[in-house]
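Colleague:
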Amino acid sequence: MNWKMANAREAASREDYFRAVEFAAPAFMENMLKAARMATQGATTPAGKVLFDDKGSPKSPKTRLRKPPNKLIILCKIFLEKQFPFSYIQLTPKRVLSNWWVNSIFRLPNLHAIYAILLGKLTFEREEKMSSNYAHLLSPGNIGPMKLKNRIVMPSMVRNFATTDGVITQSLIDHYAARAKGGAGLIIVEASYVQPSGRVWHQGIGIDDDRDIPGLGALTDAVKQWGSKIEIQLVHGGRQSTTAVSKLPVVAPSAVPCPVTGGFPRELSTQEVADLIEAFAQAARRAKIAGFDGVELHGAHGYLMSQFFSAHVNRRGDKYGGDLKGRATIAIETIQRIRQVVGDSYPITIRINGRD
Numbered sequence: 011m012n013w014k015m016a017n018a019r020e021a022a023s024r025e026d027y028f029r030a031v032e033f034a035a036p037a038f039m040e041n042m043l044k045a046a047r048m049a050t051q052g053a054t055t056p057a058g059k060v061l062f063d064d065k066g067s068p069k070s071p072k073t074r075l076r077k078p079p080n081k082l083i084i085l086c087k088i089f090l091e092k093q094f095p096f097s098y099i100q101l102t103p104k105r106v107l108s109n110w111w112v113n114s115i116f117r118l119p120n121l122h123a124i125y126a127i128l129l130g131k132l133t134f135e136r137e138e139k140m141s142s143n144y145a146h147l148l149s150p151g152n153i154g155p156m157k158l159k160n161r162i163v164m165p166s167m168v169r170n171f172a173t174t175d176g177v178i179t180q181s182l183i184d185h186y187a188a189r190a191k192g193g194a195g196l197i198i199v200e201a202s203y204v205q206p207s208g209r210v211w212h213q214g215i216g217i218d219d220d221r222d223i224p225g226l227g228a229l230t231d232a233v234k235q236w237g238s239k240i241e242i243q244l245v246h247g248g249r250q251s252t253t254a255v256s257k258l259p260v261v262a263p264s265a266v267p268c269p270v271t272g273g274f275p276r277e278l279s280t281q282e283v284a285d286l287i288e289a290f291a292q293a294a295r296r297a298k299i300a301g302f303d304g305v306e307l308h309g310a311h312g313y314l315m316s317q318f319f320s321a322h323v324n325r326r327g328d329k330y331g332g333d334l335k336g337r338a339t340i341a342i343e344t345i346q347r348i349r350q351v352v353g354d355s356y357p358i359t360i361r362i363n364g365r366d
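For the sequence shown, counting from 1, position 162 maps to 172 in our numbering; every step adds exactly one.
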């Protein structure tokens, strides 16, 4: 198949037709990459099945699929100069968008691979120029004493792959090791709760107890073998936690209802805030023992520290409320306490909103 960059660019610009890729199973992504490699390397295997006739109707009644929109039929005809040259990939995403046609289209194996090839072609052609176009991005960098092989950072993204007790699983280890193998200079492990009351996800990672250290250590070992550095993000959900997950009352800077969960939190006492700061510090200690190169405080996205920063949510009358300086006090004291526990040279980063 002869590919043209104009076609590939056009395909990339039509990404809105394929938003469901974000919700697909991990294996789906692996098959996309495999298909792209096959296309760019000129591999051919038995032809795939023709899914639609000229009118856009399914050729086989067994497909049980409704007719896709004409725009998508035309799109496929533009890019497929010849019949799809290798065997189709049959994989149903675990989750898809609610649009009926996306739900149908993403059960069509040919289109999985077509999209992979088109965007894969773009990826492979761009790789040839990457060394010159992204020299600074790919050059070594550092965060304090942490030296990075490049400046590519994978931010924290919750996978919900831990056990219901917050223990690291092999699935989590494999997930992060694969990203390290891919070349990221720094990987920031997903938000991990520092207190049981701060749990947000049923299978989120826990770093609230020393028993979590062995599993976390196995994770850091798996990532570091590929030369990547690794941090872990520390979080308390605050009013975005739920009793259904934590089995504990929901707490927050102030008793302001949560629009996300619909819950009504209880205001933390001044002593409880001090206990929370200590919980962050002890979580950082565990992270250092487990081999993490640094920790990140989650001060964004409406979780507890972000709630303290917000004048809308934080209506306290003590030193942790009031003006911006008062609302930021919890972050300042948390960093100071972590420094006392892990030392002056251990990297501490914080994720904050650009706009609250």
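The C-beta atom is built at its ideal place from N, Cα and C for all residues, glycine as well.
Taking just the CA atoms, how far does D218 sit from A289?
Modeller: Your numbering for residue 289 matches position 279 in the sequence shown. Your numbering for residue 218 matches position 208 in the sequence shown. Distance between the alpha carbons of A289 and D218: 7 Å.
Colleague: For V261, name the three-state secondary structure that DSSP assigns.
Modeller: Taking the first residue of the sequence shown as 1, we reach residue 261 at position 251. In the structure shown, V261 sits in a strand (DSSP, three-state: E or B).
Colleague: According to DSSP, is G130 helix, strand or coil?
Modeller: One-based indexing of the sequence shown puts residue 130 at position 120. In this prediction, G130 scores a pLDDT of 47, lower than 50, which makes its location untrustworthy; the coordinate-derived value is nonetheless stated afterwards. Secondary structure of G130 (DSSP, three-state): helix.
Colleague: With a cut-off of 8 Å, do at least 3 Cβ pairs link the region 321-331 to the region 175-191?
Modeller: no
Colleague: Decide yes or no for the touch test of the region 240-247 against the region 188-198: beta carbon pairs closer than 8 Å, at least 3 of them.
Modeller: Segment contact: the region 240-247 against the region 188-198, three or more CB-CB distances shorter than 8 Å; contact assigned.
Colleague: Taking 8 Å as the cut-off, does the region 355-362 touch the region 303-311 (at least 3 CB pairs, one atom from each stretch)?
Modeller: yes
Colleague: Applying the 10 Å Cβ sphere with the 16-neighbour rule, what's the burial state of R276?
Modeller: The sequence position of residue 276 within the sequence shown is 266, counting from 1. Exposed: under 16 other Cβ atoms inside 10 Å.
Colleague: Please name the residue, chosen from Q213, D333 and D303, that lies closest to L158 on a Cα-to-Cα basis.
Modeller: In the sequence shown, residue 158 corresponds to position 148, counting from 1. With distances taken between Cα atoms, L158 lies closest to D303.
Colleague: If V261 sits next to S316, beta carbons under 8 Å apart, how far is it from one beta carbon to the other, in whole angstroms?
Modeller: Counted from its first residue, the sequence shown places residue 261 at position 251. Counted from its first residue, the sequence shown places residue 316 at position 306. Actually they are not in contact, since the Cβ atoms of V261 and S316 sit about 14 Å apart, beyond 8 Å.
Colleague: Use the C-beta contact count for A187: other C-beta atoms within 10 angstroms, 16 or more gives buried, fewer gives exposed.
Modeller: Within the sequence shown, residue 187 is the residue found at index 177, counting from 1. Flag for A187 reads buried.
Colleague: Could you tell me the alpha carbon to alpha carbon distance between N363 and H311, rounded to whole angstroms?
Modeller: Position 353 of the sequence shown, counted from the first residue, corresponds to residue 363. Position 301 of the sequence shown, counted from the first residue, corresponds to residue 311. Taking C-alpha positions only, N363 is separated from H311 by approximately 7 Å.
Colleague: Label Q250 either buried or exposed according to how many other C-beta atoms from any shown protein chain fall within 10 Å of its C-beta, with 16 as the threshold for buried.
Modeller: Position 240 of the sequence shown, counting from 1, holds the residue named residue 250. Buried, because 16 or more other Cβ atoms sit within 10 Å of the Cβ of Q250.
Colleague: What is the DSSP secondary structure of K159, reduced to helix, strand or coil?
Modeller: For the purposes of this step, residue 159 is identified with residue 149 of the sequence shown, where counting begins at 1. Note: K159 maps to coil in three-state DSSP.
Colleague: What whole-angstrom Cβ distance do G301 and T230 have, given they're in contact under 8 Å?
Modeller: Indexing the sequence shown from 1 puts residue 301 at position 291. Indexing the sequence shown from 1 puts residue 230 at position 220. Yes, they are in contact, since the Cβ atoms of G301 and T230 sit about 4 Å apart, within 8 Å.
Colleague: Just checking my contact of A294 with V210 at CB under 8 Å: how many whole Å lie between their CB atoms?
Modeller: Here the question's residue 294 lines up with position 284 in the sequence shown. Here the question's residue 210 lines up with position 200 in the sequence shown. That pair is no contact at about 19 Å.
Colleague: Using a Cβ-Cβ cut-off of 8 Å (strictly less than) and excluding sequence neighbours within five positions of F171, which residues of its own chain qualify?
Modeller: Working through the sequence shown from its first residue, we reach residue 171 at position 161. Once the five neighbours on either side are set aside, the close Cβ partners of F171 are T179, S181, L182, H185 and Q213.
Colleague: Looking at the strands, I want to know which residues DSSP matches up with R276.
Modeller: Your numbering for residue 276 matches position 266 in the sequence shown. DSSP, once it has assigned bridges, lists V261 as partnering R276.
Colleague: Identify, in the order they occur along the chain, each residue of the same chain with its Cβ nearer than 8 Å to the Cβ of L278, setting aside the five sequence neighbours on each side.
Modeller: Here the question's residue 278 lines up with position 268 in the sequence shown. A distance below 8 Å between beta-carbons, with the five flanking residues on each side excluded, links L278 to the following residues of its chain, in chain order: V261, A262, P263 and L286.
Colleague: From the DSSP output, which residues share a beta bridge with E306?
Modeller: Position 296 of the sequence shown, counting from 1, holds the residue named residue 306. E306 has Q243 and T359 as its beta-bridge partners, per DSSP.
Colleague: Starting from V255, follow the alpha helix (DSSP H) in both directions and report where the run begins and ends.
Modeller: Counted from its first residue, the sequence shown places residue 255 at position 245. Its alpha helix (DSSP H) spans residues T253 to S256.
Colleague: According to the Cβ coordinates, are G273 and T253 closer than 9 Å?
Modeller: Mapped onto the sequence shown, residue 273 falls at position 263. Mapped onto the sequence shown, residue 253 falls at position 243. Against a cut-off of 9 Å, the Cβ pair of T253 and G273 comes out as a contact.
Colleague: Comparing C-alpha positions only, which one of K191, R347, A297 and T344 sits nearest to L226?
Modeller: In the sequence shown, counting from the first residue as 1, residue 226 sits at position 216. The shortest Cα separation from L226 among K191, R347, A297 and T344 belongs to A297.
Colleague: Whose CA, out of P155, R189 and T173, lies closest to the CA of M167?
Modeller: The count along the sequence shown starts at 1 and reaches residue 167 at position 157. Selected option, being the one with the closest Cα: R189.
Colleague: Is DSSP giving I217 helix, strand or coil here?
Modeller: Residue mapping note: residue 217 aligns to position 207 of the sequence shown, counting from 1. Residue state, collapsed to three classes: coil.
Colleague: So I299 and I223 are in contact, right, with Cβ under 8 Å, and what is the actual spacing, rounded?
Modeller: On the sequence shown, residue 299 is found 289 positions in, with the first residue counted as 1. On the sequence shown, residue 223 is found 213 positions in, with the first residue counted as 1. That pair is a contact at about 6 Å.
Colleague: With distances taken from CA atoms, which of V204, D328 and K257 is nearest A291?
Modeller: Counted from its first residue, the sequence shown places residue 291 at position 281. The shortest C-alpha separation from A291 is found at V204.
Colleague: Looking at the structure shown, is L196 part of a helix, part of a strand, or coil, going by DSSP?
Modeller: Start at 1 with the first residue of the sequence shown, and residue 196 comes out as number 186. Residue state, collapsed to three classes: strand.
Colleague: Taking a contact to mean a Cβ-Cβ separation below 9 Å, would you say P150 touches N160 in this structure?
Modeller: Against the sequence shown, residue 150 aligns to sequence position 140. Against the sequence shown, residue 160 aligns to sequence position 150. Yes, the pair counts as a contact, with Cβ atoms nearer than the cut-off.
Colleague: Give every residue of the same chain whose Cβ lies closer than 8 Å to the Cβ of E282, excluding the five residues on either side of it in the sequence, and list them in chain order.
Modeller: Here residue 282 is taken as the residue at index 272 of the sequence shown, counted from 1. Closer than 8 Å at Cβ, skipping near neighbours: V261.
Colleague: How would you label A145, buried or exposed, when you count the other beta carbons within 10 angstroms and need 16 or more for buried?
Modeller: Counting from 1 along the sequence shown, the entry for residue 145 is found at position 135. Per the 10 Å Cβ criterion, exposed.
Colleague: Using the rule of at least 16 other Cβ atoms within 10 Å of the residue's Cβ for burial, across every protein chain shown, is I342 buried or exposed?
Modeller: Taking the first residue of the sequence shown as position 1, residue 342 is located at position 332. Label assigned to I342: exposed.
Colleague: How many Å lie between A194 and A232 at the Cα?
Modeller: Taking the sequence shown and counting its residues from 1, the one referred to as residue 194 is at position 184. Taking the sequence shown and counting its residues from 1, the one referred to as residue 232 is at position 222. About 14 Å.
Colleague: Helix, strand or coil: which one does DSSP assign to Y186?
Modeller: Taking the sequence shown and counting its residues from 1, one reaches residue 186 at position 176. Y186: helix per DSSP, three-state reduction.
Colleague: Please look up how many angstroms separate the CB atoms of L314 and G248, rounded, as I've assumed it's under 8 Å.
Modeller: Within the sequence shown, the letter at position 304 stands for residue 314. Within the sequence shown, the letter at position 238 stands for residue 248. Taking the Cβ atoms as the reference, L314 lies roughly 3 Å from G248, within the contact range of under 8 Å.
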